[in-house]
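A.B. asks: Can you read through this structure? Questions will come right after.
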Amino acid sequence: MNLILLGPPGAGKGTQAAKIIENYNIPHISTGDIFRENIKEGTDLGKKAKEYMDKGELVPDSLVIEIALDRLEKDDCKEGFLLDGFPRTVEQAEALDKFLEGRGGKVDHVLDIDVPKEELMVRILGRRVCKQCGATYNIPNMPPKKDGICDVCGGPLMQRADDTRETVENRIEVYNSQTKPLLAYYDKAGNIAHLDGTTGLENVFNAIVGILG
Ligand code: AP5
Ligand code: MG
């Protein structure tokens with residue numbers, strides 16, 4: 000099963016991805032996570048990506064497409080994958096389709112999670128991520144049991160570098176101008192489902208299970 004999670008920053012793509020991979024046993028591929036990992040390790044890719052991420056801009060297609068398709072070539076993607084944050088432009092979607100066609104495959108489902116802007120701001124500014132294991136919390140909505148400490152591994156919680164008010168405003172604008180055209184792209188392909196992301200974590204997940212079976 001080849002899946003794509005689509006939706007604005009803070010829609011809950013990463014949160015739903017964690018639940019989907021538990022149930023469907025496919026790898027979770029987040030281009031944002033790949034870049035953050037590279038930034039942490041101080042690689043050349045990380046240095047390049049950081050310039051764009053800190054401003055809330057998209058990393059150039061030429062760079063992202065190569066990274067994403069390289070990852071999809073790995074053995075663990077043979078039975079399917081869950082893409083989170085890729086594709087984000089029509090050029091990326093076309094490159095993905097071409098790559099899959101070359102292997103006799105296709106995108107099976109695009110899950111588009113929609114949340115209004117005011118709620119996105121609240122969610123992103125309240126997001127806390129475990130430095131050790133990556134578990135995600137939300138101060139108003141899903142707080143950890145102990146302030147600043149991960150429930151799962153006891154690691155320290157932190158804010159993402161691009162989760163500032165200014166950067167988030169720009170990320171949402173960039174989503175509207177550069178990523179939203181993908182909704183029409185996949186509407187035309189007929190493989191997209193639109194989900195209301197405001198109905199609560201479990202309800203959104205149940206709707207996804209209803210689509211995937
Ligand atoms: P990326 O890491 O993909 O970030 P994003 O798209 O901005 O999305 P987020 O990770 O912020 O949100 P999410 O939808 O995963 O929400 P989450 O589940 O955490 O990209 C970062 C940057 O990398 C980009 O800006 C760009 O520079 C670069 N990049 C990455 N991919 C690229 C590409 N393909 N092309 C070019 N550049 C690329 O949830 C958010 C919060 O809400 C959490 O606190 C969570 O606990 C809470 N929450 C989740 N679900 C619910 C719910 N149902 N109810 C209440 N709260 C909820
Ligand atoms: Mg995410």
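Just so we're aligned, residue 0 is where the sequence shown starts under numbering that gives the first Met the number 0, counting upward by one. Each residue gets a CB set at the ideal place from its N, CA and C atoms; glycine is no exception. Keep in mind the model is a prediction, meaning the values are calculated, not measured.
Looking at C-alpha atoms only, which residue of Val151, Ile25, Ile28, Ile112 is the closest neighbour of leucine 182?
C.D. replies: Nearest of Val151, Ile25, Ile28, Ile112 to leucine 182, Cα basis: Ile112.
A.B. asks: What span of residues does the alpha helix (DSSP H) with tyrosine 23 cover, start to end?
C.D. replies: From DSSP, the alpha helix (DSSP H) with tyrosine 23 extends over 12-23.
A.B. asks: Distance check for valine 89 and aspartate 69, CA to CA, integer angstroms please.
C.D. replies: Approximately 19 angstroms between the Cα atoms of the pair.
A.B. asks: Given the structure, does threonine 30 come close to the ligand AP5, in the sense that its CB is under 7 angstroms from one of the ligand's heavy atoms?
C.D. replies: Yes, the ligand AP5 has a heavy atom inside 7 angstroms of this Cβ.
A.B. asks: My guess is that aspartate 162 and leucine 124 are in contact by the Cβ rule of under 8 angstroms, so how many angstroms apart are they, rounded?
C.D. replies: Indeed, because the Cβ distance is near 7 angstroms, the residues count as touching under 8 angstroms.
A.B. asks: Going by C-alpha to C-alpha distance, which of Asp43, Val106, Glu56 sits closest to aspartate 186?
C.D. replies: Ranking the options by Cα distance to aspartate 186, first place goes to Val106.
A.B. asks: With DSSP as the reference, label cysteine 132 as helix, strand or coil.
C.D. replies: In the structure shown, cysteine 132 sits in coil (DSSP, three-state: anything other than H, G, I, E or B).
A.B. asks: List the DSSP bridge partners of aspartate 195.
C.D. replies: Asp113.
A.B. asks: Do histidine 26 and the ligand AP5 come close, with the Cβ less than 7 angstroms from some heavy atom?
C.D. replies: The displayed chain sequence assigns proline, not histidine, to residue 26. Not under cutoff, so the answer is no.
A.B. asks: Which partner residues of arginine 126 appear in the DSSP bridge assignment?
C.D. replies: Note: arginine 126 sits in a beta bridge opposite Asn137.
A.B. asks: If you follow the beta strand (DSSP E) that aspartate 186 is part of, which residue opens it and which one closes it?
C.D. replies: Careful: aspartate 186 lies outside any beta strand (DSSP E), inside the alpha helix (DSSP H) at 180-188.
A.B. asks: Going by alpha carbons, who is nearest to arginine 142 out of Gln131, Leu156, Cys132, Lys130?
C.D. replies: Per the sequence shown, the amino acid found at residue 142 is proline instead of arginine. Nearest option by C-alpha distance: Leu156.
A.B. asks: When you compare only the Cα positions, how much space is there between leucine 57 and valine 173?
C.D. replies: So the two alpha carbons sit approximately 8 angstroms from each other.
A.B. asks: Hey, is aspartate 83 close to the ligand MG, as in C-beta under 7 angstroms from one of its heavy atoms?
C.D. replies: For the ligand MG, at least one heavy atom lies less than 7 angstroms from the Cβ of aspartate 83.
A.B. asks: Can you tell me whether glycine 13 sits near the ligand MG, meaning its C-beta is under 7 angstroms from at least one heavy atom of the ligand?
C.D. replies: Glycine 13: yes, Cβ under 7 angstroms from the ligand MG.
A.B. asks: Pick out whichever of Gly153, Val121, Lys144 has its Cα sitting closest to the Cα of cysteine 132.
C.D. replies: If we check each option's Cα against that of cysteine 132, Gly153 comes out closest.
A.B. asks: If you compare alpha carbons, which of Arg159, Asn22, Arg102 is closest to glycine 9?
C.D. replies: For the residues Arg159, Asn22, Arg102, the minimum Cα distance to glycine 9 belongs to Arg159.
A.B. asks: In this structure, how does DSSP classify aspartate 161 when only helix, strand and coil are distinguished?
C.D. replies: It is coil, neither helix nor strand.
A.B. asks: What does a CB cutoff of less than 7 angstroms around glutamine 91 pick up in its chain, not counting 5 residues either side in sequence?
C.D. replies: Result list for glutamine 91: Asp60, Val63, Ile64, Phe85, in chain order.
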